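Please read the structure below before turning to the comments.
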Amino acid sequence: MSKASWKEELRNKIWGLLEERGVAKFPKPVYGRIPNFHGSETACIKASLLDIVKRAKVVKVDPDSPLREIRRILLLKGKTIVMPTPRLRNGFIILDGRNLPRSVISEASTIKGAFRYGKIVIKPQDIPRIDVFIVGSVVVSRVNGVRLGKGGGYSDLEYAILLECGSINREVPIITVVHDLQVLDVPLKRSIHDVPVDTIVTPTRIMNVIEREERPIGIIPEILNEELKSLPIVKYILKSR
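Start counting the sequence shown at 137; every next residue gets the next number (my numbering).
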């Protein structure tokens, strides 16, 4: 079985399991998405109470639905969020919780609201130093930290972009917020571009990955498809090398 086919088979299995168990939550269907789930708010609260998150000043948070509550909490605490725009078409959005009235923070935690209240950043040098990542996943291994997203490669590319522009180092702490059904107790095979996580937070558990695998050292141009290569922020970085 090819890499692509086993990954897609596993994604479909997890999406189906979430639907079958009644765990999946709007937006539905969850197929093709980072799935939202009942209990995501509880998991986000747990993640926000981790010492590494409490100490952080700048947090990169994905725009996925199950992470909305942690975006809201972080902004309320006056932290700065770096959020990738969907499919990285417009680079990243910077939201500074210190400069947002409390009355707009709930709206600002949505994708639409982030565009309204945040600052769009295309040039990598305008992205601040990031203390911690919070990402969504379709499935993740608690053994080696390897995760699968929707399959577009954007989350891994975001890491590579931020690494190349100096906003993070390879050991930036990465937390994923998922449902318990999305966590595997067996290792997943890592592809060259995959970015393993350190910590898994579910509605019921906080798990440190047993033996996290290595992470990539930056953008790997030869594995990017034409859509990813054509992104302005990717073209900018590759041209600057």
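No residue lacks a Cβ here, since even glycine has one placed at the ideal position from N, Cα and C.
Since the structure is predicted, the reported quantities are computational estimates derived from the model, not experimental observations.
Checklist entry - Between GLY233 and LYS248, is the Cβ-Cβ spacing less than 7 angstroms? => result Going by C-beta atoms, GLY233 is not nearer than 7 angstroms to LYS248.
Next on the checklist: Please report the distance separating the alpha-carbon of MET137 from that of GLU144.
Outcome noted: Note on MET137: pLDDT 44, under 50, position unreliable in the model; no value is reported.
Checklist entry - By how many angstroms is the C-alpha of GLU177 removed from the C-alpha of ILE241? => result Put simply, the backbone Cα of ILE241 is about 16 angstroms away from that of GLU177.
Checklist entry - What's the gap between the Cα of ALA179 and the Cα of GLU205? => result One C-alpha to the other measures close to 9 angstroms.
Next on the checklist: So, with DSSP's three-state summary, where would you put LEU154?
Outcome noted: Taken through DSSP and simplified to helix, strand or coil, LEU154 comes out as helix.
Item to check | GLU294 and PRO220 closer than 7 angstroms at C-beta | outcome: Yes; because the gap between Cβ atoms is below 7 angstroms, this pair is in contact.
Checklist entry - When DSSP builds the beta bridges, which residues end up paired with ILE342? => result According to DSSP, which records beta bridges pairwise, ILE342 is partnered with VAL337.
Checklist entry - Enumerated in chain order, which unbroken segments of the alpha helix (DSSP H) with a length of 4 residues or greater are wholly contained in the segment 137–216? => result As far as the segment 137–216 is concerned, its whole alpha helix (DSSP H) runs of at least 4 residues are 139–156, 176–184, 187–191, 204–212.
Item to check | Whole-Å CB distance - ARG306 paired with ILE353, under 8 angstroms assumed | outcome: About 7 angstroms separates the beta carbons of ARG306 and ILE353, which is inside the 8 angstroms limit, making them a contact pair.
Checklist entry - By a C-beta neighbour count over all protein chains shown, 10 Å radius and 16 as the cutoff for buried, is PHE162 buried or exposed? => result Sixteen is the threshold: since fewer than 16 other Cβ atoms of the shown chains lie within 10 Å of the Cβ of PHE162, the residue is exposed.
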